[in-house]
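In my numbering, each number is its position in the sequence shown, counted from 1, plus 222.
Note that beta-carbon positions come from the ideal geometry of N, C-alpha and C, so glycine has one too.
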Amino acid sequence: MSPDRPSIGVLALQGDVAEHLVALERAGARPSTVRRPAELAAVDALVVPGGESTVLDKLARAFGLHEPVTERIRAGMPVYGSCAGMIMLADRLVDGSEGQRTFGGLDVAVRRNAFGRQVESFEEDLAFPALGEAGLGEAPLRAAFIRAPWVEQAGPGVEVLARVGTGPAAGTVVAVRQGVLVATSFHPEITGDLRVHRLFVAMVARAAAAGRSATGAPAVRG
Ligand code: GLN
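Written out as structure tokens, the structure is:
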């Protein structure tokens, strides 16, 4: 395995799986689908795509993935969650459906379908300073929101990466990072801007290299 092309799974139970597979490949990862615990065990990191979080929750339990994903997150696996994926990473849900569970890991409260009916779906150019800091360019990020959640409250260890800039929802938090967990309310996989995926791939590569040096394995492999 090349440390520069980390193996990243896409949770392939429901939602826009194909778009993330393409974006990850183009962003320099080796993507694969994850539907079974054995497929999860084979990847360095995971993307939880957008879709419908209540369905993702039910299917994750039905496919025997809820516990394994939760455990891998606790053990330090990097995960990127987009939209419904952000919901799945939240420790706390506002307006969740009865009995809805999440994988958790992010010390945030996330409100489902937060933007209300009038602005259920919209696009906006967001300031996203972490992209510039990572050398990925200072340009604003085009973000597509589709019945999106927002981050209503975040614990002290959570870094805010982006907020809505204009309109009635101005100031609301729509992208966060906590350690190796990243979540966005929006869908970068459908706007053609690969920078969020590149940021995540770089994080995964760094985490994999750190893991290898900690276990004494060679830090660079062919
Ligand atoms: N509203 C959806 C949910 O609650 C998320 C929408 C999306 O992922 N585009 O899961």
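When burial is assigned at 16 or more other CB atoms within 10 Å of the CB, is residue i buried or exposed?
{"i": "Thr324", "result": "buried"}
{"i": "Val386", "result": "buried"}
{"i": "Gly359", "result": "exposed"}
{"i": "Ala336", "result": "buried"}
{"i": "Arg283", "result": "exposed"}
{"i": "Thr388", "result": "exposed"}
{"i": "Glu411", "result": "buried"}
{"i": "Gly414", "result": "exposed"}
{"i": "Gly433", "result": "exposed"}
{"i": "Ala436", "result": "exposed"}
{"i": "Asp347", "result": "exposed"}
{"i": "Pro253", "result": "buried"}
{"i": "Ala392", "result": "exposed"}
In whole angstroms, what is the alpha-carbon distance linking residue i and residue j?
{"i": "Tyr302", "j": "Ile368", "result": "17 Å"}
{"i": "Arg296", "j": "Arg399", "result": "15 Å"}
{"i": "Val426", "j": "Gly231", "result": "12 Å"}
{"i": "Gly444", "j": "Ala430", "result": "Confidence at Gly444 is low in this model, with a pLDDT of 41, below 50, so the placement of that residue should be treated as unreliable; the coordinate-derived value is given next. Those two C-alpha atoms are separated by around 14 Å."}
{"i": "Ser319", "j": "Gly273", "result": "15 Å"}
{"i": "Val332", "j": "Phe350", "result": "19 Å"}
{"i": "Gly338", "j": "Ala366", "result": "15 Å"}
{"i": "Ala384", "j": "Gly327", "result": "19 Å"}
{"i": "Ala356", "j": "Arg364", "result": "17 Å"}
{"i": "Ala263", "j": "Arg334", "result": "29 Å"}
{"i": "Asp226", "j": "Leu246", "result": "13 Å"}
{"i": "Gly298", "j": "Asp266", "result": "10 Å"}
{"i": "Pro271", "j": "Asp238", "result": "6 Å"}
{"i": "Gln322", "j": "Val404", "result": "21 Å"}
{"i": "Gly354", "j": "Val382", "result": "15 Å"}
{"i": "Val316", "j": "Gly377", "result": "15 Å"}
{"i": "Leu243", "j": "Ala251", "result": "9 Å"}
{"i": "Glu345", "j": "His288", "result": "32 Å"}
{"i": "Ala352", "j": "Gly286", "result": "35 Å"}
{"i": "Ala240", "j": "Thr255", "result": "9 Å"}
My guess is that residue i and residue j are in contact by the Cβ rule of under 8 Å, so how many angstroms apart are they, rounded?
{"i": "Arg257", "j": "Ala234", "result": "5 Å"}
{"i": "Val330", "j": "Ala312", "result": "5 Å"}
{"i": "Gly307", "j": "Val277", "result": "The Cβ separation is near 12 Å, so there is no contact."}
{"i": "Phe195", "j": "Cys305", "result": "The chain is shown only over 223 to 444; residue 195 falls outside these bounds and no answer can be derived."}
{"i": "Ser343", "j": "Ile309", "result": "Not confirmed; about 16 Å, so no contact."}
If you follow the alpha helix (DSSP H) that residue i is in, where does it begin and where does it stop?
{"i": "Phe422", "result": "Arg417 to Ala436"}
{"i": "Leu353", "result": "Pro351 to Glu355"}
{"i": "Val277", "result": "Ser275 to Ala284"}
{"i": "Leu311", "result": "Ala306 to Leu311"}
{"i": "Thr394", "result": "Premise fails: Thr394 is in no alpha helix (DSSP H) and is neither H nor E."}
What residue does the beta strand (DSSP E) around residue i start on, and which one ends it?
{"i": "Leu348", "result": "Ser343 to Leu348"}
{"i": "Val256", "result": "Arg252 to Val256"}
{"i": "Ile368", "result": "Leu363 to Ile368"}
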